[in-house]
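Top to bottom, those sequences are chains A and B.
Counting in the numbering used here, the first sequence runs from 97 upward without gaps.
Counting in the numbering used here, the second sequence runs from 41 upward without gaps.
Glycine included, each C-beta is placed from N, C-alpha and C at the ideal position.
To keep things clear, I will list the structure first and then write my remarks on it.
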Amino acid sequence: MVVDRRARIGLRVLALAYLAALLLVPVAVVFYRTFEHGFGFVWDSITTPAAVHAFWLTLEIALIAVPLNTVLGVITAMALVRSRLRGKVVLQTIIDLPFAISPVVIGLALVLVYGRNGWFGGWFADHGIQIIFAVPGMVLATIFVCLPFVVREVEPVLREIGDEQEQAAATLGASRWQTFSRITLPAIRYGIAYGVVLSMARAIGEFGAVSVVSGKIAGETDTLTLLVENRYQNFDVAGAYAASALLALIALATLLLMLRLRPRKDQA
Amino acid sequence: MSLGIATLWLSVIVLIPLAAVVAKSTDGGLGAFWDAVTNRQAIASLRLTLTMSIGVAAINAAAGTLVAWVLVRDRFRGRGFINALIDLPFALPTIVAGITLLALYGPNGPLGVNVVATRWAILMALLFVTLPFVVRSVQPVLMELDREMEEAAVSLGASSATVFRRIVLPNLVPAILSGAALAFARAVGEFGSIVLIAGNIPFKTEVASVFIFGRIESDAVISAAAVSVVLLLLSLVVLVAIRSLGRLGHGGDAADGR
Numbered sequence: 097m098v099v100d101r102r103a104r105i106g107l108r109v110l111a112l113a114y115l116a117a118l119l120l121v122p123v124a125v126v127f128y129r130t131f132e133h134g135f136g137f138v139w140d141s142i143t144t145p146a147a148v149h150a151f152w153l154t155l156e157i158a159l160i161a162v163p164l165n166t167v168l169g170v171i172t173a174m175a176l177v178r179s180r181l182r183g184k185v186v187l188q189t190i191i192d193l194p195f196a197i198s199p200v201v202i203g204l205a206l207v208l209v210y211g212r213n214g215w216f217g218g219w220f221a222d223h224g225i226q227i228i229f230a231v232p233g234m235v236l237a238t239i240f241v242c243l244p245f246v247v248r249e250v251e252p253v254l255r256e257i258g259d260e261q262e263q264a265a266a267t268l269g270a271s272r273w274q275t276f277s278r279i280t281l282p283a284i285r286y287g288i289a290y291g292v293v294l295s296m297a298r299a300i301g302e303f304g305a306v307s308v309v310s311g312k313i314a315g316e317t318d319t320l321t322l323l324v325e326n327r328y329q330n331f332d333v334a335g336a337y338a339a340s341a342l343l344a345l346i347a348l349a350t351l352l353l354m355l356r357l358r359p360r361k362d363q364a
Numbered sequence: 041m042s043l044g045i046a047t048l049w050l051s052v053i054v055l056i057p058l059a060a061v062v063a064k065s066t067d068g069g070l071g072a073f074w075d076a077v078t079n080r081q082a083i084a085s086l087r088l089t090l091t092m093s094i095g096v097a098a099i100n101a102a103a104g105t106l107v108a109w110v111l112v113r114d115r116f117r118g119r120g121f122i123n124a125l126i127d128l129p130f131a132l133p134t135i136v137a138g139i140t141l142l143a144l145y146g147p148n149g150p151l152g153v154n155v156v157a158t159r160w161a162i163l164m165a166l167l168f169v170t171l172p173f174v175v176r177s178v179q180p181v182l183m184e185l186d187r188e189m190e191e192a193a194v195s196l197g198a199s200s201a202t203v204f205r206r207i208v209l210p211n212l213v214p215a216i217l218s219g220a221a222l223a224f225a226r227a228v229g230e231f232g233s234i235v236l237i238a239g240n241i242p243f244k245t246e247v248a249s250v251f252i253f254g255r256i257e258s259d260a261v262i263s264a265a266a267v268s269v270v271l272l273l274l275s276l277v278v279l280v281a282i283r284s285l286g287r288l289g290h291g292g293d294a295a296d297g298r
């Protein structure tokens, strides 16, 4: 569109001002506030036993939830693209639900199934397995919120590549596993990688759902995001900023990975 | 076989828990469900959530389109950086988004304004976390738009405003609507970015998700489940709407989901 110079610059300034007020300046202020007491202070704050525990717990939960979601996400995407079935619309909607449901509702749902008085909670309790207010519940919550990412990244790629090569391989005598590992997997690998990056970011950053099922047992079920809230509520603002800055750095790393993977993913 | 595994997986992780919420909400009979949903505090939180989410969707429709236009059609230094920055709200944990806004617009902020415990705080938090939706749905459409039509219109004497209104905008409408619908859905359920900054004052700054959280904490599970069902229905309606919009927009291809 041919827009005269003044209008163009006016629109640019307006857009950049909006982004600055909402995004850029607040993030800059958080980093400034975090490091105004020096790097040593921040380091001490994120290496307290509680913080270190929260860091490892966050990682542990993500490293269970994301691989599970990846394998089952690829299977689900294959089912959606390669099988002929009515009612796929229903499956599609179910897959999108975790994007649209409030994290608090997700947490509540898990409590109602696996909690002390929940549908299956009693059975698990009888067998000595505690799920809610413990790590398994937090893993389930994380799986729930991250469920759509890998499916949604892999599905369009599968649709794009079609199944001619797979059928050719099958005709030439390849087993189903050989077809998958030699033909399908290489074609969808960047889609998977992109989905994994998005899932990791969401898993590390999830707050609401995990908060409901964690029981907030200090030093036991605190993840990094719960630690941020915990510190802020206890008037340890500097500590909350330090933990936030750590999470923000993880987010920035995610962003860089997304930038590097996107062109390759779109080429596939 | 993969279909069976997929169905089982989705049932265990998503469907059974959500069924438990629906079942719990009517545990005390339909009367109790109705009482819980029409409880004054619940109604106030639902109304606040709805008005805020509609406002956020509308602001995003305008601001997101503007940002997308500037990123696609304008040329300036740092454009690549700004483009990458748009995804930051998706990558940043919601609780950090809340802390971030508190640092600038909270007590002791460098600007001397304090939005904590006002509805402005909720609006800002929601705008922050929903920023990418409209931008990222409009951007690709704008990139693929045929410039010849616009040039023809200009050579026939149309002003920039006319070209935008009559040629560019109609092409963008499906993308703007689906982006705004996603932003709406996200805003309805948002919790993490709001909880620290909104003050959560009943009848004033308590959104539905915070209300549900409070009910869970005080063991009023039936009431929590009842309001959750209302939110669930809202999510479903929006998702179905987005799917039909997606079909409008890219000729039968399903919506991307983000």
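Determine the extent of the alpha helix (DSSP H) in which residue i is found, giving its start and end residues.
{"i": "G69 of chain B", "result": "69 to 77"}
{"i": "P19 of chain B", "result": "Given that chain B is displayed from residue 41 to residue 298, the structure contains no residue 19 of chain B and the question cannot be resolved."}
{"i": "G44 of chain B", "result": "42 to 50"}
{"i": "D192 of chain A", "result": "184 to 196"}
{"i": "T275 of chain A", "result": "272 to 275"}
{"i": "F204 of chain B", "result": "It is not in any alpha helix (DSSP H) - F204 of chain B carries neither H nor E in the DSSP assignment."}
{"i": "N123 of chain B", "result": "119 to 125"}
{"i": "G149 of chain B", "result": "That residue, G149 of chain B, is in no alpha helix (DSSP H); it is neither H nor E in DSSP."}
{"i": "T267 of chain A", "result": "260 to 267"}
{"i": "Q329 of chain A", "result": "320 to 329"}
{"i": "W219 of chain A", "result": "217 to 222"}
{"i": "S304 of chain B", "result": "Because chain B spans 41 through 298 in this model, residue 304 of chain B falls outside it and cannot be assessed."}
{"i": "F251 of chain B", "result": "248 to 257"}
{"i": "L254 of chain A", "result": "231 to 257"}
Counting only beta-carbon separations shorter than 8 angstroms, does residue i have a partner in chain B?
{"i": "L120 of chain A", "result": "yes"}
{"i": "F276 of chain A", "result": "no"}
{"i": "F240 of chain A", "result": "yes"}
{"i": "E132 of chain A", "result": "no"}
{"i": "L345 of chain A", "result": "no"}
{"i": "R182 of chain A", "result": "no"}
{"i": "S141 of chain A", "result": "no"}
{"i": "T317 of chain A", "result": "no"}
{"i": "V324 of chain A", "result": "yes"}
{"i": "A111 of chain A", "result": "yes"}
What does a CB cutoff of less than 7 angstroms around residue i pick up in its chain, not counting 5 residues either side in sequence?
{"i": "I216 of chain B", "result": "A101, T105, V174, V178"}
{"i": "I239 of chain A", "result": "A161, L164, N165"}
{"i": "V308 of chain A", "result": "V200, G203, L204, V207"}
{"i": "V62 of chain B", "result": "V269"}
{"i": "G291 of chain B", "result": "Residue placement at G291 of chain B is flagged as unreliable, the pLDDT there being 39, under the threshold of 50; the coordinate-derived value follows with that caveat. Same-chain partners within the cutoff: there are none."}
{"i": "A294 of chain B", "result": "Summary for A294 of chain B: the model assigns pLDDT 38, below 50, so the residue's position carries little reliability, and this model does not support an answer."}
Would you verify that the beta carbon of residue i is, or is not, closer than 8 angstroms to some beta carbon of chain A?
{"i": "H290 of chain B", "result": "For H290 of chain B, the predicted model reports a pLDDT of 48, less than 50, meaning its position is unreliable and no value from the coordinates is stated."}
{"i": "D296 of chain B", "result": "Low local confidence applies: a pLDDT of 39 at D296 of chain B is under 50, so the model's placement there is unreliable, with the coordinate-based value given in what follows. Interface residue, yes."}
{"i": "W160 of chain B", "result": "no"}
{"i": "D127 of chain B", "result": "yes"}
{"i": "G229 of chain B", "result": "yes"}
{"i": "L279 of chain B", "result": "yes"}
{"i": "L88 of chain B", "result": "no"}
{"i": "L163 of chain B", "result": "no"}
{"i": "A143 of chain B", "result": "yes"}
{"i": "F330 of chain B", "result": "Residue 330 of chain B lies beyond the residue range present for chain B, which begins at 41 and ends at 298; the question has no answer from this structure."}
{"i": "S249 of chain B", "result": "yes"}
{"i": "P180 of chain B", "result": "no"}
{"i": "V107 of chain B", "result": "yes"}
{"i": "F73 of chain B", "result": "no"}
{"i": "F243 of chain B", "result": "no"}
{"i": "I135 of chain B", "result": "yes"}
Return the chain-ordered list of same chain residues with a C-beta closer than 6 angstroms to the C-beta of residue i, the five sequence neighbours on each side being excluded.
{"i": "L142 of chain B", "result": "I237"}
{"i": "L50 of chain B", "result": "none"}
{"i": "I126 of chain B", "result": "P172, V175"}
{"i": "A46 of chain B", "result": "none"}
{"i": "L222 of chain B", "result": "F173"}
Closer than 8 angstroms by C-beta to residue i: which residues in its own chain qualify, once you throw out the five before and the five after it? Chain order, please.
{"i": "K64 of chain B", "result": "V261, I262, A265"}
{"i": "A220 of chain B", "result": "A97, A98, N100, A101, G104, F173, V174"}
{"i": "T317 of chain A", "result": "L153, F229, A230, V231, M234, S310, G311"}
Within 7 angstroms: the Cβ of residue i and any heavy atom of the ligand COA?
{"i": "W139 of chain A", "result": "Among the ligands in the structure shown, none appear at all, so the ligand COA cannot be discussed."}
- Quick one: any contact between the segment 253 to 273 of chain B and the segment 124 to 144 of chain B, if contact means 3 or more CB pairs under 8 angstroms? no
- Item | Contact set between the segment 200 to 218 of chain A and chain B, restricted to residues whose Cβ is under 8 angstroms from the partner | V200, V201, I202, G203, L204, A205, L206, V207, L208, V209, G214, W215
- Task: Using a Cβ-Cβ cut-off of less than 9 angstroms, give me the residues of the segment 294 to 311 of chain A that come near chain B, in sequence order.
- Result: L294, A297, R298, I300, G301, E302, F303, G304, A305, S307, V308
- Query: Between the segment 159 to 171 of chain A and chain B, which residues of the former have CB atoms less than 8 angstroms from a CB of the latter, in chain order?
  - Reply: L168, I171
- Residues in the segment 54 to 66 of chain B with C-beta within 9 angstroms of chain A's C-beta atoms, listed in sequence order? V54, L55, I56, P57, L58, A59, A60, V61, A63, K64
- For the segment 198 to 220 of chain B, which residues have a beta carbon sitting closer than 7 angstroms to at least one beta carbon of chain A? S200, V203, F204, V208
- Along the segment 225 to 249 of chain A, what residues have a CB closer than 7 angstroms to any CB found in chain B? I239, F240, L243, P244, R248
- Message: I want to know whether the segment 342 to 353 of chain A touches the segment 111 to 129 of chain B - three or more CB-CB distances under 8 angstroms.
- Response: yes
- Query: For the segment 110 to 124 of chain B, which residues have a beta carbon sitting closer than 7 angstroms to at least one beta carbon of chain A?
  - Reply: V110, R113, D114, F116, I122, A124
- Task: Count the C-beta pairs between the segment 350 to 359 of chain A and the segment 288 to 304 of chain A that are closer than 8 angstroms, then say yes if the count reaches three, no if not.
- Result: yes
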